[in-house]
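*Asks:*
There are 4 protein chains.
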Amino acid sequence: MAKNILEEIRKDQIINATRKLIIDKGYGNFSMKDIAAELDMSTGLIYHYFQSKDDLTVQVLKQSFREPRQRYIDTTEAMPNFRDKISNYIDNMHDVIRNNQEGYVVLLNYLGQVLYAQDVDRILIKFFKNLRSFVDQLLEYGREQGIIDKQTGEGMAELLVAASMGIAFQHIVDPEEFVLEKALAKHKEVILHYFDNL
Amino acid sequence: MAKNILEEIRKDQIINATRKLIIDKGYGNFSMKDIAAELDMSTGLIYHYFQSKDDLTVQVLKQSFREPRQRYIDTTEAMPNFRDKISNYIDNMHDVIRNNQEGYVVLLNYLGQVLYAQDVDRILIKFFKNLRSFVDQLLEYGREQGIIDKQTGEGMAELLVAASMGIAFQHIVDPEEFVLEKALAKHKEVILHYFDNL
Amino acid sequence: MAKNILEEIRKDQIINATRKLIIDKGYGNFSMKDIAAELDMSTGLIYHYFQSKDDLTVQVLKQSFREPRQRYIDTTEAMPNFRDKISNYIDNMHDVIRNNQEGYVVLLNYLGQVLYAQDVDRILIKFFKNLRSFVDQLLEYGREQGIIDKQTGEGMAELLVAASMGIAFQHIVDPEEFVLEKALAKHKEVILHYFDNL
Amino acid sequence: MAKNILEEIRKDQIINATRKLIIDKGYGNFSMKDIAAELDMSTGLIYHYFQSKDDLTVQVLKQSFREPRQRYIDTTEAMPNFRDKISNYIDNMHDVIRNNQEGYVVLLNYLGQVLYAQDVDRILIKFFKNLRSFVDQLLEYGREQGIIDKQTGEGMAELLVAASMGIAFQHIVDPEEFVLEKALAKHKEVILHYFDNL
DNA sequence: TATGAATGAGGATTCATTCAT
DNA sequence: GATGAATGAATCCTCATTCAT
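Residue numbers (the working numbering), protein chains in the order written: chain A, 112 to 309; chain S, 112 to 309; chain V, 112 to 309; chain Z, 112 to 309.
1) Which of the three DSSP states, helix, strand or coil, is assigned to residue 130 of chain V?
2) Using the rule of at least 16 other Cβ atoms within 10 Å of the residue's Cβ for burial, across every protein chain shown, is residue 217 of chain Z buried or exposed?
3) Using a Cβ-based criterion (distance less than 7 angstroms to any ligand heavy atom), does residue 186 of chain Z qualify as near the ligand ADP?
4) Rounded to whole angstroms, what is the Cα-Cα separation between residue 112 of chain A and residue 159 of chain V?
5) Which residues in the same chain have their Cβ closer than 6 angstroms to the Cβ of residue 232 of chain S, if we skip the five residues on either side of it in sequence?
6) At a Cβ threshold of 8 angstroms, is residue 173 of chain V touching chain Z?
7) Residues in the same chain with beta-carbon distance under 7 angstroms from residue 263 of chain V, minus the five sequence neighbours each way, listed in chain order, please.
8) Please check if any C-beta of chain A sits within less than 8 angstroms of the C-beta of residue 245 of chain S.
9) For the region 200-207 of chain S against the region 263-283 of chain S, are there 3 or more C-beta pairs whose distance is under 8 angstroms?
10) Could you confirm whether any beta carbon from chain S is found closer than 8 angstroms to the beta carbon of residue 131 of chain A?
11) What is the residue span of the alpha helix (DSSP H) that residue 276 of chain A lies within?
12) Can you name, in chain order, every residue of its own chain whose Cβ lies under 7 angstroms from the Cβ of residue 134 of chain Z, other than the five neighbours on each side?
13) Touch check for the region 186-196 of chain Z and the region 130-150 of chain Z: three-plus C-beta pairs under 8 angstroms?
14) Quick one, are the C-beta atoms of residue 138 of chain S and residue 223 of chain A less than 8 angstroms apart?
15) Output needed for residue 267 of chain Z: all residues of its chain with C-beta closer than 7 angstroms, excluding positions within five of it in sequence on either side, in chain order.
16) In chain S, which residues lie less than 7 angstroms from residue 232 of chain A when you measure between Cβ atoms?
17) Decide yes or no for the touch test of the region 233-243 of chain V against the region 280-299 of chain Z: beta carbon pairs closer than 8 angstroms, at least 3 of them.
18) From this set, S/175, S/282, S/306, which residue's C-alpha is nearest residue 254 of chain S's C-alpha?
19) Among the residues of its own chain, which have a CB less than 6 angstroms from the CB of residue 171 of chain A, if the five just before and after it don't count?
20) Considering only the alpha carbon of each residue, which of V/211, V/161, V/148, V/210 lies closest to residue 119 of chain V?
21) Tell me the DSSP secondary structure of residue 227 of chain S in three-state form.
22) Under 8 angstroms between C-beta atoms, does residue 266 of chain Z make it to chain V?
23) Can you give the beta carbon distance from residue 197 of chain V to residue 303 of chain V, rounded, assuming they're within the 8 angstroms contact cut?
24) Using a C-beta to C-beta distance shorter than 8 angstroms, which residues of chain A count as neighbours of residue 293 of chain S?
25) Going along chain Z in order, which residues have a C-beta closer than 7 angstroms to the C-beta of residue 281 of chain V?
26) Let me confirm a value: residue 229 of chain S is counted as buried when at least 16 other C-beta atoms fall within 10 Å, else exposed. Which label applies?
27) What does residue 192 of chain Z touch in chain V if you count any residue whose Cβ is under 9 angstroms from its own?
28) Under a CB-based cut-off of 8 angstroms, is residue 308 of chain A close to chain S?
29) Relative to chain A, which residues along the region 140-154 of chain S have a C-beta separation below 9 angstroms, given in chain order?
30) So what does DSSP say about residue 146 of chain V, is it helix, strand or coil?
31) Here's the rule I'm using: 16 or more other beta-carbon atoms within 10 Å means buried, otherwise exposed. How should residue 292 of chain A be labelled?
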C-alpha cells in the first residue's frame, strides 16, 4: 500500500508541476529538467513514473479535464425549474471563467496541439462532448416539462460552450481592456431572453 | 525598384510557406530548415529577410490577421437596414468558419502563445479589437437609427466574436461529429431573436 | 547449506536470463532491467549476486565456455583407432554447429569484446586453448601410434578450430543461402584426405 | 564541384575516424562526441553528413568491405595454371591476415551485430558471397581445364573462407601465444595436398 | 533476501543562428 | 542576393548503480 501511495503522490506532484509549467511558460517552452527542478528531483525519476514527455503531458490533460461537469452539477440540480437551471448553469460557467482562468489557459495550450497530437484530440473531443452533454441534459429536462420543444434545444449546447470559451479566450488575450463582466452579462441576457420569449 | 519587388516576393514566399507549416505541423513543430525545404531555398536566405524565427512567425501573424474587417465590410454596407446588416454580418462570420477554417487553425496556434510572447499578444489584442469594433459600428448605426439603445449593444460585440470563435474551435477539435450547421443556425437564431424581441 | 543452494539457483537464473538476452538482443542491447523483467525480480537483487553488469556478463561467458571438451570426449575416446578418432571428433564439432548454434552466437557476441575487455579476452584465450589442446591430444595419440609424425600435427588444431568456427559464422550470417552441409562435408573430406594420403 | 569535393572529404574523414574508433574502442564503446573530438569538429556537423549513428556505422561497414576481391585479383590472374592460382590465392588471403589485421577486427565487431541489425547482415551476406564467389571462379577455371570435377569444388569456397577467418580470429584473441604462421602453413598445406592428390 | 525508488552522468539528436564564399 | 557548412547549446531519454526499507 505504501508503495502505491508514494506512486500516487509522485505522479500527482509531477503532473501538477507540469501543469504549472504549461501555465507559466507555455506548452512548448519547458523541459523535463524544468519539471525536475521545480520538484527538486532528478529527471530520471520522472521517467520512472511516465513513459515520455508526451505521455506526461497527456496525463496532465486527462487530469485537468476529467469530469468537467462535476463542478456544476450540484447547484444546478437544486434549482426548482427549467429557467432557473439554465440561469444557474450559465452562472456556474461564468464563475469558472472568473475564478479558474488557469483552466482556460491550460485548455488554450492543448487546443493548439489538437491537430497534431491524436491523444490530445481524443481527450478534448471527449471533454467538449461532456460539456455539451450536460447542457443537453438540462434541455432534455425542459422538453420533458413541456417548456421547450426539440428544435429549441438543437445547437444550444454548442452555442453555450462556444460563447463561454470565446469570452474566456478574449479575456486571456486582453485582460486589461476586455471587460469581462459586460460580455458575461450580455451572454446570460441573450440566452435567457431567448428562452423567455419563445 | 526591382530590389523592393524581389524583397517583397521573397518575404511573401517565406511568410506563406511558414503559414502553411504552422497549419500542417503546428506552431512548435517545424524548423527553419523545413521552411527552406518548402521553398527550395537555403536557410541563410530566410535570415536575409527576417531577423529570427520569432520575427518571422510574428510577421506571419501580422499578415494573417491584418484587416480582418475587409472581408465583411462590403456586403454588409449594402444592406438597407439594421436588422439586415446584423444578419448579414453573422452570415459573413459563419462563411469564414465554413470556408476559411485555416484562418482559425492559425489563430488557435497563435492563441497558445499569447501569454508567453508579447508580440503575439499585442497583435491579437488589436485583431480582436478590430473584430469587435466592426460590430460596434453596426450597433452604433442601430443606435443612430433609434432601433436599439446603448445598453442593448453593450457586450454584444464580445459575445458575437466569442460565439463564432468558440464554434469554430469546437469544429476543429471534432470535425467528424460536431454538427457545425446546427451550431451556426442556433447562433444566428438566438442573436436575431434578441434584436427582434427587444 | 540452504543459503548456498538458493544462491546457486539465483545465480544460475540470472546467468541464464542474461545469456538468453545476449542471444536475443545482442551483447550491447539489453539492460539490467531487461534481465530483471525476464526473471520477474528486481534489479537490486541482481546486484546482490553480481558486482556489476560487467561481472555478470563475464560470468555468463565463463559458464558458457567452461569445459568445452566435455561434450566431445566421450564418443571420441571409444573409437578404436586414430583415423576414427579424428573422424569422430570432426563429426562432433559439426554436430555442435548443427545443433548448438546458440553457442556460436554467444561466442560471436563475446569475440566482439575481446580487444576491449581483458576479462573476456582471458577467458576466450583459455577456451580456444582448450579446444585446440583436445585436438593436440588426438594428434599426440597418432604420434604415439606411429601413424603421423610431429610435423603433421603442427598447426592442425588451429586449422580444425578455425574451419569449424568460420563455417559456423558464415552460417549465422546467411542461414538462408549458405549451404551448411556442403561446407561441413568438404571440411571433413579435406581433413581426412590429408591424413589418409600422407 | 568544390562542394561535392568538400562533402566527399568530410564524409571520408568521418567514416575513417569512426572506423578508427570502432577498432580502438569497439563497436558499442564510442560516442558521437568521440568522433567529433577525433576530428576537432562539432557533433552537429556529423549529422549534416549522416542521418544517424546507425547510418554512419553502416557506411563504415560498406566502405570497409566493398569489393574485397580487388585485393587478390591481380596477382592471381597472372598465374599460369590452376595449382598456382589456388596457391597464390591462399597466399593472398594469408597476407591479408598478416598485414591487415584491422580489417578482421572491423569484421569481428560487425559480425557481433549481424543478428540484430538487418543492414549489417545484408552487407555481410554480400561480402561473404563475394569472397566465396571469387574462389568459385578459380574452381570453375580448374573445371574448364579438366583438372577437377564438379564435386571437388563443392563447398571448397566456404571452407577456404572459413579457415582464413577462423585463423585470423584466433590470432586476434591471442596474439601472444597463437602461432599464426604454423596455422597458415598447415592451412595451405592441407588444401594444396587435397588438390594435389585427387 | 528482496524491492524498486532515486540518482545523474552520458548519449543521440535537433535546431536556431552565423558566416565565409 | 544566395548558399549551406559549421557550431554547440539544449533536449529527451536511458541506464548502471545505490540504498533505505
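Using N, Cα and C, we set each Cβ at its ideal position, and we do this for glycine too.
*Replies:* Considering the structure as presented:
1) Locating residue 130 of chain V in the third sequence gives position 19, counting from the first residue. DSSP places residue 130 of chain V in helix when its eight states are reduced to three.
2) Here residue 217 of chain Z refers to the residue found at position 106 when the fourth sequence is read from its first residue. By the neighbour-count rule (16 or more Cβ atoms within 10 Å), residue 217 of chain Z is buried.
3) Of the ligands one can find in the structure shown there are none, so the ligand ADP has no counterpart to examine.
4) Taking the first residue of the first sequence as 1, we reach residue 112 of chain A at position 1. Taking the first residue of the third sequence as 1, we reach residue 159 of chain V at position 48. Because residue 112 of chain A sits at a pLDDT of 46, beneath the cut-off of 50, its placement in the model cannot be relied upon, and the point is left open.
5) Locating residue 232 of chain S in the second sequence gives position 121, where the first residue counts as 1. 225.
6) Looking up residue 173 of chain V in the third sequence gives position 62. Not one chain Z Cβ lies under 8 angstroms of residue 173 of chain V.
7) If you number the third sequence from 1, residue 263 of chain V lands on position 152. 309.
8) Sequence index remark: in the second sequence, residue 245 of chain S carries index 134 (1-based). Answer no: the Cβ-Cβ gap between residue 245 of chain S and chain A never drops below 8 angstroms.
9) yes
10) As a working mapping, residue 131 of chain A is identified with position 20 in the first sequence. Chain S, which has no Cβ nearer than 8 angstroms to the Cβ of residue 131 of chain A, makes this no.
11) As a first step, residue 276 of chain A is located in the first sequence; it is residue number 165 there, counting from the start. Here the alpha helix (DSSP H) through residue 276 of chain A covers 267-284.
12) What you label residue 134 of chain Z is simply residue 23 of the fourth sequence in a count that begins at 1. Cβ neighbours of residue 134 of chain Z beyond the five flanking positions: 213, 216, 217.
13) no
14) Position 27 of the second sequence, counting from 1, holds the residue named residue 138 of chain S. Position 112 of the first sequence, counting from 1, holds the residue named residue 223 of chain A. The answer is yes: Cβ separation under 8 angstroms.
15) As a first step, residue 267 of chain Z must be located in the fourth sequence, where it is residue number 156. These residues qualify, in order along the chain: 246, 250.
16) Residue 232 of chain A sits at position 121 when you count from the first residue of the first sequence. Those are 284, listed as they occur along chain S.
17) yes
18) As a first step, residue 254 of chain S must be located in the second sequence, where it is residue number 143. The shortest C-alpha separation from residue 254 of chain S is found at S/306.
19) Numbered from its first residue, the first sequence carries residue 171 of chain A at position 60. So the qualifying residues of the chain are 126, 129, 130.
20) On the third sequence, position 8 is the one that residue 119 of chain V refers to. Here the closest residue by C-alpha is V/161.
21) Taking the second sequence and counting its residues from 1, one reaches residue 227 of chain S at position 116. Of the three classes helix, strand and coil, the one that applies to residue 227 of chain S here is coil, per DSSP.
22) Within the fourth sequence, residue 266 of chain Z is the residue found at index 155, counting from 1. Yes - at least one Cβ of chain V is within 8 angstroms of the one on residue 266 of chain Z.
23) For the purposes of this step, residue 197 of chain V is identified with residue 86 of the third sequence, where counting begins at 1. For the purposes of this step, residue 303 of chain V is identified with residue 192 of the third sequence, where counting begins at 1. Contact flag correct, Cβ pair sits at about 7 angstroms.
24) Start at 1 with the first residue of the second sequence, and residue 293 of chain S comes out as number 182. Going along chain A in sequence order, the residues near residue 293 of chain S (Cβ under 8 angstroms) are 265, 266, 269.
25) In the third sequence, residue 281 of chain V corresponds to position 170, counting from 1. The answer, in chain order, is 239, 269, 272, 273.
26) The residue given as residue 229 of chain S occupies position 118 in the second sequence. Residue 229 of chain S is exposed by the Cβ-count criterion.
27) Position 81 of the fourth sequence, counted from the start, is the residue given in the question as residue 192 of chain Z. The contacting residues do not exist; residue 192 of chain Z stays about 21 angstroms from chain V at best.
28) Counting from 1 along the first sequence, the entry for residue 308 of chain A is found at position 197. Taking Cβ atoms only, chain S reaches closer than 8 angstroms to residue 308 of chain A, which makes this a yes.
29) 140
30) Counting from 1 along the third sequence, the entry for residue 146 of chain V is found at position 35. In this structure, residue 146 of chain V counts as helix in the three-state DSSP scheme.
31) Taking the first sequence and counting its residues from 1, the one referred to as residue 292 of chain A is at position 181. Exposed: under 16 other Cβ atoms inside 10 Å.
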